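In our numbering, the protein residues as written are 281 to 562. Notes follow once the structure below has been shown.
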C-alpha cells in the first residue's frame, strides 16, 4: 500500500471569529495554546499511523483554513476547488489554489462546475465507486451532479437536514468500499434509504457520540482516528477488526470540526476506493 499523503494546516491563526454553524459562539473562543497542542497530537498520531503530512501555511484572518478537508475534492492528480457558501471562508480559495498548483495538481476550472456552492471533501466522499454528496447546508446538489459528469463517476446526493451536521463528513465516514460509519438522523428519509442501499455494512453512532464528532474520523488503512468520547463506536470498530484511536480535539469542535475536517487525503481515500479504472481516466 502506498504511503498515505495528508494535507494539514497549523492552527496559528485559528479561533472563533464568526458564527456560520451552530457549534460556533464568538463569546467562547478557542484556547490557542491548547488548540496547537491538540492539532500536534493529531498530526503526530497520523505520522505514527504511517502517513506523510504535507503542510499548508496558515494565513492571518483565515481562522478556518486549518480545516483542509474543505479545500477541494481530490481525484487522481486533479483537484476541484471549493466554492464556499459563506463569505467568511471565500478568502481561503486563492491560498488553496496556490498550494495545489505548487504541489503539481491540475486545478480543474470547468464551465460545468462554475456555479453554486461546493465545499470539497467536507461534502463529497467516495465509498466504493460511488461519490456520496451532501447538500442543502453548504453545497448544492446541481454542483455535485456536474462533478459526476465531469469525472465520469456515479454521484449519490443525500440531503443533510440538521444544521449541526452541516457537512457530510460530520455524519458519514467511509471505512472500506462496502462499509461506513454514519449518524442516520442527520439525513432525511430518502437519504437514509439511499445510503443503506448503497453501503451494505453501516455502523450507526448514537447521538451523544455523534455530537463528539465520532463520524468525523480519519481512516489510514485499518486505523480509525477520532476525537475523544466515542467509546461505543470504538468498541464496535475493534469488534470488526479496525484499530480505533482517540485524540482530544475539543478546541476544534468549538468551530464545528474534528479529525477529518483537519485533514485532506492528497492521494484520495484508500479505504473509499477512489481510484478510477484506466478506461475512465481522461
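Cβ atoms here follow ideal geometry from the backbone N, Cα and C, with glycine treated the same way. Predicted, not measured: the structure shown is a model, and the values here were computed from it.
Next item on the list: Quickly, what does DSSP pair residue 346 with across the bridge? List them, please.
Entry: Looking at the DSSP assignment, residue 346 forms no beta bridge with any residue, so it has no partner.
Note to self: Please classify residue 420 as buried or exposed, where buried requires at least 16 other C-beta atoms within 10 Å of its C-beta.
What the structure shows: buried
Next item on the list: Note down, one range per segment and in chain order, each beta strand (DSSP E) of at least 3 residues found wholly within the region 380 to 411.
Entry: 404 to 407
Check: So what's residue 294 in DSSP terms, helix, strand or just coil?
Finding: coil
Next item on the list: Compare the C-alpha of residue 226 against each of 282, 350, 304 and name the closest.
Entry: In the structure as shown, the chain begins at 281 and stops at 562. Residue 226 is therefore absent and cannot be evaluated.
Item checked: Neighbourhood of residue 458 by C-beta, 7 Å cutoff - its chain only, sequence neighbours within 5 removed -> 408, 479, 480, 481
Note to self: Using a Cβ-Cβ cutoff of less than 8 Å, which residues in the same chain neighbour residue 325 once the five nearest sequence positions on both sides are dropped?
What the structure shows: 505, 525, 527
Next item on the list: State the Cα-Cα distance for the pair residue 432 and residue 423, rounded to the nearest angstrom.
Entry: 14 Å
Item checked: C-alpha gap between residue 427 and residue 405, whole angstroms -> 12 Å
Next item on the list: Could you pull out every residue in the same chain whose Cβ sits closer than 8 Å to the Cβ of residue 400, ignoring the five residues on either side in sequence?
Entry: 349, 350, 351, 352, 353, 360, 361, 362, 544
Margin query: Given a cut-off of 8 Å on the beta-carbon distance, is the pair residue 540 and residue 497 in contact?
Written below: yes
Check: Opposite residue 481 in the DSSP bridges: which residues?
Finding: 459
Next item on the list: Can you give me the Cβ contacts of residue 513 inside the same chain, cut-off strictly under 6 Å, excluding the 5 residues immediately before and after it?
Entry: 485, 489, 494
Note to self: For the pair the region 336 to 350 and the region 286 to 306, tell me if three or more CB-CB distances fall below 8 Å.
What the structure shows: yes
Next item on the list: State buried or exposed for residue 559, treating a residue as buried only when at least 16 other CB atoms are found within 10 Å of its CB.
Entry: In this predicted model, residue 559 has a pLDDT of only 38, less than 50, meaning its place in the structure is not dependable; the value taken from the coordinates is given anyway. Classification of residue 559: exposed, given that the 10 Å Cβ count is below 16.
Check: Taking the beta strand (DSSP E) that residue 283 falls in, what are its first and last residues?
Finding: No beta strand (DSSP E) holds residue 283; DSSP gives it neither H nor E.
Note to self: Using only the alpha-carbon positions, how far apart do residue 335 and residue 368 sit?
What the structure shows: 22 Å
Next item on the list: Keeping to the same chain, check which residues put their C-beta closer than 7 Å to that of residue 414; ignore five residues upstream and five downstream.
Entry: 403, 438, 440, 447, 448
Note to self: Under DSSP, the beta strand (DSSP E) around residue 358 begins and ends at which residues?
What the structure shows: 358 to 361
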